[in-house]
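See structure below.
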Amino acid sequence: MAAYRIGVLKGDGIGPEVVPAAVDLADLSARAAGLSVEWVELPVGLEAYGQLGDTLPPQTVEALRGCHGWVLGPVEHHRYDPRLPSMRNPSGTLRRLFDLYANERPARNLPGVPSRYEGVDLVVVRENTEGFYADRNVLEGDAELLVTPDVVVSLRVVTRRACQRIAEYAFQLARRRARPGRVTAVHKANVLRRGDGLFLECCRSVASRYPDVAFDHVHVDAAAYFLVREPQRYDVLVTTNLFGDILSDQAAGLVGSLGVAPSLNAGDGYAMAQAVHGSAPDIAGRGVANPTAEILSVAMLFEWLGRRFDDPAATEAARRLEEAVGAALSAGVRTPDLGGSATTAEFARAVRAHLAPGSML
Ligand code: ATP
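Everything in the sequence shown is counted per this note's numbering, starting at 1196 for the first residue and increasing by one.
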């Protein structure tokens, strides 16, 4: 039985509500699947700043190097002072430090979750390390320049290496998905001719090595339109950082709520589970946040461990966790974001009942 070390970074806002719930259920699922996990709680976010003077303390980063992966809760980074190096955004910094280049954000209909569409089952694969995200583009400081008080220049970086590896990730993912896979590259190469032109060129060249996976491409504005008209037409959408951030929130809205949208940030050596949603300050502390996105994100981390270490127990733990969430939702247990009245704890109890029938509820 392999033992995995998984970091637990609760984060801000609803993080301390949804992350412990997700970890507790994931642990139960792991045990049932014969997977041994050591959960290592590490300080991050506003609490870490209050205690240690840093939103991402060096000891947290050091400890993560000794982990196989970790769970990062939402961070309320609009409350951080970007001028202070001790108030870095942990999310972007960890993505860059650990080269977590692929942000995989699935959007599919879940049983019992009311939504405007049926039959949606797509994944947005977002490049995570460059693009228009100013915090990732230079060695020190960030890539937004205040030229005069009224003029800002934001630098976007696009490299062949990053485009090729994100395209590769998308084609591998499409191949793994059950149906005949299709990758759609989303870009704006008609305007951003060089940057998105390079991205599209890389997607095309990777596509030529995957003859079993269909490939097409679409301008980002048209993609937004088609996603609303007919989201069922898409399988894997691969795109640059900013477009992927926007389209994946849109995709979450197509299938119900941000509260059910999971994601994984993956590199070649590490992976970080992180729900798509933010810290939800409007509902934080009330015990009503939906933990589904966080639970399903940990399931994605288990799946990743299963692939990386060729470990069927990790894959099985992921499957059990997903199944239990589906069962709880099908039984009609819903938090307020889904039109129900269950609390975070009540929803977690319902999932627990499916993971360990007969256990103390
Ligand atoms: P941040 O700046 O940290 O991203 P935000 O308020 O801009 O915060 P979100 O935190 O993603 O963005 O919240 C958007 C909306 O979705 C809010 O109304 C929030 O309450 C709701 N929401 C987000 N996550 C959840 C969740 N897990 N359960 C229920 N509602 C949620």
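Here a beta-carbon is modelled for each residue, glycine too, at the ideal position from N, C-alpha and C.
Just so it is clear, the structure is predicted and the values come from calculations on it, not from any experiment.
Spanning the alpha carbons of Pro1426 and Pro1253 requires a straight line of approximately 42 Å. Following the DSSP letters along the chain, one finds Pro1301 in no alpha helix (DSSP H) but inside the beta strand (DSSP E) bounded by residues Ala1297 to Arg1303. Here DSSP, grouped into helix, strand and coil, assigns Leu1251 to coil.
Judged by DSSP in its simplified three-state form, Thr1539 adopts helix. Your pair Val1214 and Val1266 checks out as a contact, with CB atoms roughly 6 Å apart and the cut at 8 Å. Contact between the segment 1198-1205 and the segment 1524-1542 is absent: fewer than three C-beta pairs spanning the two stretches fall below 8 Å.
A heavy atom of ligand 1 is found nearer than 7 Å to the CB of Gly1473.
Between Arg1370 and Tyr1296, the C-beta gap is not smaller than 8 Å, which leaves the two residues out of contact.
Contact between the segment 1286-1303 and the segment 1436-1452 is present: 3 or more CB-CB pairs across the two stretches fall below 8 Å.
Closer than 7 Å to some heavy atom of ligand 1: that describes the Cβ of Ala1484. DSSP, reduced to helix, strand and coil, places Tyr1199 within a strand of the structure shown. For the options Ala1418, Arg1502, Val1433 and Arg1377, the alpha carbon positioned closest to that of Ala1409 is the one of Arg1377. Nearest to Thr1354 by C-alpha distance, out of Val1348, Ala1362 and Val1347, is Ala1362.
For the set Ala1551, Ala1373 and Thr1434, the Cα lying nearest the Cα of Gly1390 is the one of Thr1434. Within the model, the alpha-carbon separation for Arg1260 versus Arg1424 is close to 44 Å. Of Leu1317, Leu1341 and Val1346, the smallest CA-CA separation from Arg1374 is found for Leu1317. Ranked by Cα distance from Asp1416, the options Gly1314, Val1431, Leu1395 and Ala1384 are led by Ala1384. Beta-bridge partners assigned by DSSP to Phe1410: Val1378. Residue pairing of Ala1461 in beta bridges, as defined by DSSP: Ala1297 and Ala1466.
Look at Ser1231 here: in three-state DSSP terms it is strand. Judged by pairs of C-beta atoms under 8 Å, the segment 1497-1504 does not touch the segment 1269-1279, as fewer than three such pairs exist. Of all C-beta pairs linking the segment 1391-1411 to the segment 1284-1294, fewer than three are shorter than 8 Å, placing the two stretches out of contact.
Ranked by Cα distance from Pro1269, the first of Tyr1244, Val1232, Gly1240 and Leu1247 is Gly1240. With a beta-carbon spacing of about 5 Å, Asn1298 and Asn1460 fall inside the 8 Å limit used to define contacts. In the DSSP annotation of this structure, Asp1506 is not part of any beta strand (DSSP E), being labelled neither H nor E. Taken atom to atom, the span from the alpha-carbon of Glu1322 to that of Met1282 is near 24 Å. As summarised for the segment 1266-1347, the continuous alpha helix (DSSP H) elements at least 4 residues long and confined to that stretch are 1285-1292, given in chain order.
Here the alpha carbon of Asp1330 sits roughly 34 Å from the alpha carbon of Leu1220. Residues Val1308, Asn1485, Asp1532 and Leu1533 of the same chain have their beta carbon placed closer than 8 Å to that of Ser1452, with the five preceding and five following residues left out of the count.
When rounded, the separation of the alpha-carbon atoms in Gly1482 and His1414 is 41 Å.
Annotated three-state conformation of Thr1434 is strand, per DSSP. Non-local beta-carbon contacts of Val1315 in its own chain, meaning distances under 7 Å to residues more than five positions away in sequence, involve Ala1302, Arg1303, Asn1304, Pro1426, Gln1427, Leu1449 and Val1450 in chain order.
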